[in-house]
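Before any comments, here is the structure.
Residue numbers (my numbering): 350 to 644.
In structure tokens:
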């Protein structure tokens with residue numbers, strides 16, 4: 350990878366200050382390979398607009414933030430020849446972890462100049478893109494609650510989850526997955542492009558961003574006392590080996606749910622109606638991956 354790079358920094362992602370990021374870029378980026386330009390986003394849609402304007406002017410566009418920032422930037426450059434770079438600075442960094450991008454900013458900057466670009470799948474929910482994970486039910490409810498919390502970070506997310514767990518009721522979902530009908534009562538539905546939500550919590554351990562499929566994860570309600578066990582299962586990559594999780598793979602998923610409500614796209618809440626269409630878009634995003642990525 351050689352040329353010009355636009356770094357788009359989300360100043361509030363993950364509750365981490367980014368004031369020192371320009372200095373890190375100046376110090377650790379190999380400028381014989383990539384010449385940097387740096388901008389800070391200042392609103393929800395601003396990163397997407399900045400990335401859109403960068404296509405054709407820069408050789409790589411780099412998202413500095415978490416999965417939400419990655420979503421904003423990637424949404425603008427998906428289905429173009431411009432590759433995405435990532436410097437992880439979020440709460441969970443699910444896609445970055447899956448792609449083996451170093452969590453350390455200095456190492457992630459050095460990884461940008463490794464030049465290893467892979468094409469990965471993206472997905473659409475009612476026409477809106479996501480790249481790591483989309484969902485509805487409890488995790489979408491938590492994403493909505495979390496978005497209103499002034500404190501960010503992993504511990505705040507866990508605290509919100511425990512507080513809301515007992516209150517949230519499962520819903521009935523009718524799913525048409527590649528033409529086959531499934532009726533399920535679910536606590537939440539997750540549409541996994543990668544295997545994990547973030548923080549190495551793997552809900553669909555065998556998911557791949559390069560197989561042209563989404564893993565539909567049907568998570569049933571389980572007793573709150575089993576929440577730590579489910580957490581450990583996700584960390585160990587064995588969440589699929591329990592009766593509370595069912596995984597169905599498909600390319601196009603039509604959902605009919607009981608009532609409108611929140612969904613999430615890469616952890617960012619949206620409001621959608623009862624009828625929802627989710628589909629995979631194979632090999633549609635170019636990304637600079639980590640050197641250890643097995644793809």
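Quick reminder that beta carbons are idealized off the backbone N, C-alpha and C, glycines included.
Item: Here's the rule I'm using: 16 or more other beta-carbon atoms within 10 Å means buried, otherwise exposed. How should residue 461 be labelled?; Value: buried
Item: Going by CA-CA distance only, name the one from 540, 354 and 519 that's closest to residue 533.; Value: 519
Item: Would you list the one or two residues that DSSP bridges to residue 659?; Value: Beyond the ends of the chain as shown, which are 350 and 644, falls residue 659; an answer cannot be given.
Item: If you follow the alpha helix (DSSP H) that residue 374 is part of, which residue opens it and which one closes it?; Value: 370-377
Item: Is residue 543 closer than 9 Å to residue 482 when the C-beta atoms are compared?; Value: yes
Item: For the putative contact between residue 374 and residue 412, defined by C-beta atoms under 8 Å, what is the C-beta separation to the nearest angstrom?; Value: Their Cβ separation, rounded to whole angstroms, is 13 Å, which puts residue 374 and residue 412 out of contact at 8 Å.
Item: How many Å lie between residue 355 and residue 431 at the Cα?; Value: 11 Å
Item: For residue 393 and residue 426, which I take to be in contact (beta-carbon distance under 8 Å), what is that distance rounded to the nearest angstrom?; Value: Actually they do not touch by this definition, with Cβ atoms about 17 Å apart.
Item: Could you check where the beta strand (DSSP E) with residue 468 kicks off and where it finishes?; Value: 466-474
Item: What's the gap between the Cα of residue 366 and the Cα of residue 617?; Value: 20 Å
Item: On the DSSP letters alone, give me the boundaries of the alpha helix (DSSP H) that residue 423 sits inside.; Value: 416-426
Item: What are the uninterrupted segments assigned as alpha helix (DSSP H) that are 4 or more residues long and contained completely in the stretch 562-595, given in chain order?; Value: 576-585
Item: My understanding is that residue 449 touches residue 642, with C-beta atoms under 8 Å, so please give their C-beta distance in whole angstroms.; Value: 4 Å
Item: By DSSP's criteria, residue 521 is part of a beta bridge. Which residues make up the other side?; Value: 534
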